[in-house]
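Chains A and B supply the protein sequences, listed in that same order. Here the first sequence is numbered in the working numbering, starting from 54 and rising by one per residue. Here the second sequence is numbered in the working numbering, starting from 54 and rising by one per residue. We put the beta carbon where it would ideally sit given N, CA and C, even for glycine. This structure is a prediction, so every number in the text was calculated from the model and none was measured. To keep things clear, I will list the structure first and then write my remarks on it.
2 protein chains.
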Amino acid sequence: MEDRILLAHGSGGKLGHDLVEQVFVPLFDNAFLCKLDDSAVLELGGRVAFTTDSYVVQPIFFPGGDIGKLAVCGTVNDLAMSGAVPRYLSLSLIIEEGLPVADLRRVAASVRDAGAEADVMVVTGDTKVVNKGSADGLFITTAGVGVVAPGLEISGSNARPGDRVILSGTLGDHGIAVMSQREGLQFSSPVTSDCAPLNRLVAEMVESGAEMHCLRDPTRGGLASTLNEFASSSGVGIRIEEAMIPVSESVRGACELLGFWPLYGANEGKLVVVVAAEGAGDLLDIMRRNRYARQSAMIGEVVADNSGRVVMKTAMGASRIVDMLVGEQLPRIC
Amino acid sequence: MEDRILLAHGSGGKLGHDLVEQVFVPLFDNAFLCKLDDSAVLELGGRVAFTTDSYVVQPIFFPGGDIGKLAVCGTVNDLAMSGAVPRYLSLSLIIEEGLPVADLRRVAASVRDAGAEADVMVVTGDTKVVNKGSADGLFITTAGVGVVAPGLEISGSNARPGDRVILSGTLGDHGIAVMSQREGLQFSSPVTSDCAPLNRLVAEMVESGAEMHCLRDPTRGGLASTLNEFASSSGVGIRIEEAMIPVSESVRGACELLGFWPLYGANEGKLVVVVAAEGAGDLLDIMRRNRYARQSAMIGEVVADNSGRVVMKTAMGASRIVDMLVGEQLPRIC
Chain A
54 MEDRILLAHG SGGKLGHDLV EQVFVPLFDN AFLCKLDDSA VLELGGRVAF TTDSYVVQPI
114 FFPGGDIGKL AVCGTVNDLA MSGAVPRYLS LSLIIEEGLP VADLRRVAAS VRDAGAEADV
174 MVVTGDTKVV NKGSADGLFI TTAGVGVVAP GLEISGSNAR PGDRVILSGT LGDHGIAVMS
234 QREGLQFSSP VTSDCAPLNR LVAEMVESGA EMHCLRDPTR GGLASTLNEF ASSSGVGIRI
294 EEAMIPVSES VRGACELLGF WPLYGANEGK LVVVVAAEGA GDLLDIMRRN RYARQSAMIG
354 EVVADNSGRV VMKTAMGASR IVDMLVGEQL PRIC
Chain B
54 MEDRILLAHG SGGKLGHDLV EQVFVPLFDN AFLCKLDDSA VLELGGRVAF TTDSYVVQPI
114 FFPGGDIGKL AVCGTVNDLA MSGAVPRYLS LSLIIEEGLP VADLRRVAAS VRDAGAEADV
174 MVVTGDTKVV NKGSADGLFI TTAGVGVVAP GLEISGSNAR PGDRVILSGT LGDHGIAVMS
234 QREGLQFSSP VTSDCAPLNR LVAEMVESGA EMHCLRDPTR GGLASTLNEF ASSSGVGIRI
294 EEAMIPVSES VRGACELLGF WPLYGANEGK LVVVVAAEGA GDLLDIMRRN RYARQSAMIG
354 EVVADNSGRV VMKTAMGASR IVDMLVGEQL PRIC
C-alpha cells in the first residue's frame, strides 16, 4: 500500500477498497461493518438501518441538482439499498469562511425539498467553519437511519447462480453533468444529473414480492465496480451484455470524446438489483412504471463459473472482463 | 444577518445560534430538530438517540488526543447528554490528497481505542479525498445512535427554579491544549486536553436516581454558552459563583496571558448538569468517584428572576452578566 493518500483512495474503486480492507476493517472488527454494505442494519429494538456519506462535489451547483440534494438522495438511497424505509437524517456542514450565505440557503432549501420528496426528516446536525483556503466552499456529511421490514435480507453477498441483473436506467449522467459544469464543456444536448431519491422505487420493488438478493446504487466507481463487489462478496460470476445497457446519446458522445467509459460513470439516481430468475420479468415491469426507472433493463445474469469476475459480451460479440475502477475517473463528483 | 459566512458562524456562540435559528430551523421544521438538544431522540420501536458532529481540529494531533479520539468522544458525549447509552457510530472522512497513511492509521487506531473505552462500535462509514489545497489534512464527521431508557427526560429546556448546577471539573483544558500545540506555545506546566468519553459517568449519574433536568457537555462556546442555552430554552435565570468554578493553574495562567476567559474555553471531557436540589449533594459525591469527574463542583443554582440570563457573582463579590460567546475565541479546536 502507498505511503500517502492518493485521489484514487476516495474513488470507490480498487484503491478505495484496499484502504477500507487494510486500514479500517481490521481495526473496527465487527459483523456489521465487515459486510461492507451501504447501511448497517442494527438490532435496536426494531431493525434500524444507519448510514453516512460525505459530499465534496465541485462545483456545488450543477445541472440537475446541488450538493444538498445530492447529500439527501445519497443517504436516502444508501438506506433504501438495505431494504430500509429511510426515516431520519443528520446533516453536518464544513464551510469555508467566505461562503455566500445565499449559497448556503439555496443548498439548505434543496436539502429540505429532497427530504420532503423522500419523506425523511433532518433531525440533528452540526456546522463547522474553517479558515479560507482550508476547505473548498462547502462539504456536507449526512447520516441516516431507517427501519427494515422483518424478513427482508438484502446484501451484496446474497447473489446466486441463475439470478438476473436489472439496471434501473441510463449510466453516467451524474458524472458527466458535474464534470461538464466544472470544466465549462458544452454538448449539443446538455447532460443533467440523475440525482434522485429512490426509496419509493425500492418500496414498490419490495411490495412486488420479488425475491431480491442484492441491491445497490452504482455511485462512485459506477456499475462496473458495483457488479464486481457483488461477484466478489457472493463468490459468483456475473455476465452482462453491453447491448442491453442503457446509455443516453449525449453521455455516450461525451464519454467517447473524453475517453471515459460509461460503466465507470457515477450515478446518483440509479440502482442495480440481483433478483431470482422467477419473477424477474414482473419486477422489471413494475420498475418501469416508476418515474425514475422508466428505462430499466435486464442486463445480465449470475453464473457459477468465473467466480468473483464480471464478464461482458461486447456489442461486437466478443467477451471481455470488466474490472473494478482502478484510479480515479472523475474526482469530486459527489 | 451577514452576507457571508464568518469564522464565528461555526463557533457555537451567538452567530452560530443565529445561523441555525435563521437558516436551518425554519426549513427543517420538526419537533426533534427544534429542541436543539445535542441528540435527536427518535421513536423507532425503542427510543433511539441519533447525533452527528464534524471535526476540523488543527493540528490533528495534540496533547491528550487527536482528531479521531475527539470525534468518538464528541459523539459519544452528545448521545450521553441525552441520557442515551451510546451504541453505534458512523465515521466519514474527508482527506486531503497527500495525507501520510501513517497519520491516517494513527487516527483510526485512536478511533478504535476510544470506541473500545466507550463500548461503541463503528458500524458504517465513508471516505472522500479532495485535491491538495481543497481541505486541511483530515476532517472527520461522526454520527451516533444510542438507546434511551424509558422514562428518562433530559433536555436543555427542563431547568426549574431551585435546581442546582454541577460542573464535572476544570474548564478550558482542551482549547488551551490545542491552541498551544498549534502556536508552539510552552507553559511551565503543560496543558493536556481533557478529551474523554463521559458515557459511563452519565450512566452512574442516571443510576443514582437523582432527578436530572438538563445535561450538556460545554464544548465550543464553553460553559458560558451552555448555561445561556439552558437559561434561554427553560425560561429561567441561572446564578453561578466564580469562586466555585474549577480552573487549573496552567489554564488560568495561559488565559490571563492570552486574554481568554475560561468560561468560554472549549472542553471535550466535561459536563454540566442541572439537577433538583434534593439529591444534588449525593449526585456530587457520586460524580467525584468517577475518574473523569474528580473535581466536580456545585457552581450555582437556577432562579426564577433574570429569565434567560446567566449572572455570576465574581471572586471580588460583584455581579456580572455572563453572555453567550460572541465571535470566535479559538477557531478549529474541534
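Kindly indicate which residue of the options has the alpha-carbon position closest to the one of residue i.
i	options	result
F81/B	L152/A, A169/A, P243/A, L59/A	A169/A
D71/B	C126/A, Y141/A, R342/A, T180/A	T180/A
L383/B	V218/B, L220/B, P112/B, F85/B	P112/B
A230/B	T223/B, L220/B, M174/B, T245/B	T245/B
V101/B	I58/B, V183/B, L205/B	L205/B
P153/A	R158/B, P79/B, L59/B, L97/B	L59/B
Q273/A	E282/A, M265/A, H266/A	The sequence shown places Arg at residue 273/A, not Gln. Of E282/A, M265/A, H266/A, the residue nearest in Cα terms is E282/A.
A171/A	R253/A, F240/A, N211/A, A155/A	R253/A
V138/B	P203/B, N359/B, R158/B, E354/B	P203/B
D358/A	I339/A, F313/A, S303/A, S287/A	S287/A
V173/A	L144/A, D156/A, G275/A, V183/A	L144/A
E257/B	N343/B, A371/B, R57/B	N343/B
R211/A	L68/A, S261/A, M265/A	Arg is not the amino acid found at residue 211/A; the sequence shown has Asn there. Answer by Cα proximity: M265/A.
A155/B	V326/A, V182/A, R57/A	R57/A
F240/A	A93/A, R305/A, V183/A, I291/A	R305/A
Between residue i and the rest of its own chain, which residues show a CB-CB distance below 8 angstroms, the 5 nearest in sequence each way excluded?
i	result
L391/B	Only positions 54 to 387 of chain B appear in the structure, and residue 391/B is not among them; the question remains open.
P299/B	L220, G222, T223, L224, Q348, A350
L95/A	F85, V101, A102, F103
Taking residue i as the query, report the chain A residues whose CB atoms sit under 7 angstroms from its CB, ordered along the chain.
i	result
T279/B	Result: empty, since nearest Cβ-Cβ is about 16 angstroms, beyond 7 angstroms.
P384/B	N184
A329/B	Neighbours of A329/B on chain A: none; closest Cβ ~27 angstroms, over 7 angstroms.
Tell me which same chain residues have a C-beta within less than 6 angstroms of the C-beta of residue i, skipping the five on either side of it?
i	result
S107/A	T194
V109/B	F192, R385
T105/A	A196
S285/A	G361
A263/A	V328, G332, L336
A188/B	I147, E149
M365/A	I293, E295, R373, V375
S163/B	D119, G121, K122
S242/B	S303
Cβ closer than 9 angstroms: which chain B residues qualify as neighbours of residue i?
i	result
I219/A	Chain B residues near I219/A: none, gap ~26 angstroms exceeds 9 angstroms.
F283/A	Ordered by position in chain B, no residue passes the 9 angstroms Cβ test against F283/A, which lies about 19 angstroms from the chain.
A435/A	Only positions 54 to 387 of chain A appear in the structure, and residue 435/A is not among them; the question remains open.
A212/A	Going along chain B, no residue has its Cβ under 9 angstroms from A212/A, so there is no contact; the nearest lies around 21 angstroms.
Would you grab the beta carbon distance between residue i and residue j for me? Rounded to a whole angstrom, and I think it's under 8 angstroms.
i	j	result
C248/B	G199/B	Going by Cβ atoms, the distance from C248/B to G199/B rounds to 19 angstroms, so no, they are not a contact pair.
R217/A	M351/A	6 angstroms
L185/A	E150/A	As written in the sequence, residue 185/A is Lys, which differs from the Leu given in the question. Indeed they touch by this definition, with Cβ atoms about 5 angstroms apart.
I219/B	L336/B	7 angstroms
F103/B	V176/A	7 angstroms
V125/B	A167/B	4 angstroms
V356/B	V289/B	7 angstroms
G136/B	L268/B	7 angstroms
Excluding five sequence neighbours on each side, which residues of the same chain lie with their C-beta closer than 7 angstroms to the C-beta of residue i?
i	result
R341/B	R347, S349
L251/A	N130, A133, D270, G322, L324, Y345
Q234/B	P112, F115, P116
I120/A	Y108, V110, I113, V160, L191, I193
R165/A	none
H227/A	S246, D247, C248, A319, N320, E321, I386
A368/A	E295, A296
S301/A	T223, D226
Residues of chain A with CB under 9 angstroms from residue i, in chain order?
i	result
E55/B	V154
D189/B	V183, N184, G186, S187, A188
A162/B	L80
Closer than 8 angstroms by beta-carbon distance: list the chain A residues that pair up with residue i, in chain order.
i	result
T104/B	S143, T177
R140/B	L95, L97
T272/B	What T272/B touches in chain A: nothing, since even the nearest Cβ is about 11 angstroms away.
If the cut is a Cβ gap below 7 angstroms, which residues of chain B does residue i touch?
i	result
N343/A	Chain B residues near N343/A: none, gap ~26 angstroms exceeds 7 angstroms.
L157/A	I58, V76
D72/A	Position check: residue 72/A holds Leu in this sequence, whereas Asp was assumed. Chain B residues near L72/A: T180.
R235/A	By Cβ distance, chain B contributes nothing, its closest Cβ being about 12 angstroms from R235/A, past 7 angstroms.
If the cut is a Cβ gap below 8 angstroms, which residues of chain B does residue i touch?
i	result
M174/A	F81, N83, F85, L86
T245/A	Simply none; closest approach about 23 angstroms.
V198/A	L95, L97, V101, F103, V198
Answer with yes or no whether the minimum CB distance from residue i to chain C is below 9 angstroms.
i	result
I207/B	Among the chains of the structure shown, chain C does not appear; the protein chains present are A and B.
Check your understanding: Which full runs of the beta strand (DSSP E) of 3+ residues lie inside the region 280 to 313 of chain B, going along the chain?
Key -> As far as the region 280 to 313 of chain B is concerned, its whole beta strand (DSSP E) runs of at least 3 residues are 290 to 294.
Review point. Mind pulling the beta strand (DSSP E) runs of 3 or more residues that sit fully within the region 191 to 268 of chain A?
Key: Counting whole runs of 3 or more residues, the region 191 to 268 of chain A contains the beta strand (DSSP E) stretches 191 to 201, 217 to 220.
Point to revise | Segments assigned beta strand (DSSP E), at least 3 residues, entirely inside the region 148 to 193 of chain A | key: Counting whole runs of 3 or more residues, the region 148 to 193 of chain A contains the beta strand (DSSP E) stretches 174 to 183.
Check your understanding: Considering only residues of the region 94 to 139 of chain A, which uninterrupted beta strand (DSSP E) runs meet the minimum length of 3 residues and lie entirely inside it, listed in chain order?
Key -> Taken in chain order, the complete beta strand (DSSP E) segments of 3 residues or longer contained in the region 94 to 139 of chain A are 99 to 108.
Review point. Unbroken beta strand (DSSP E) runs of length 3 or more, entirely within the region 307 to 360 of chain B: which are they?
Key: With a minimum length of 3 residues, the continuous beta strand (DSSP E) runs that stay inside the region 307 to 360 of chain B are 325 to 328, 350 to 356.
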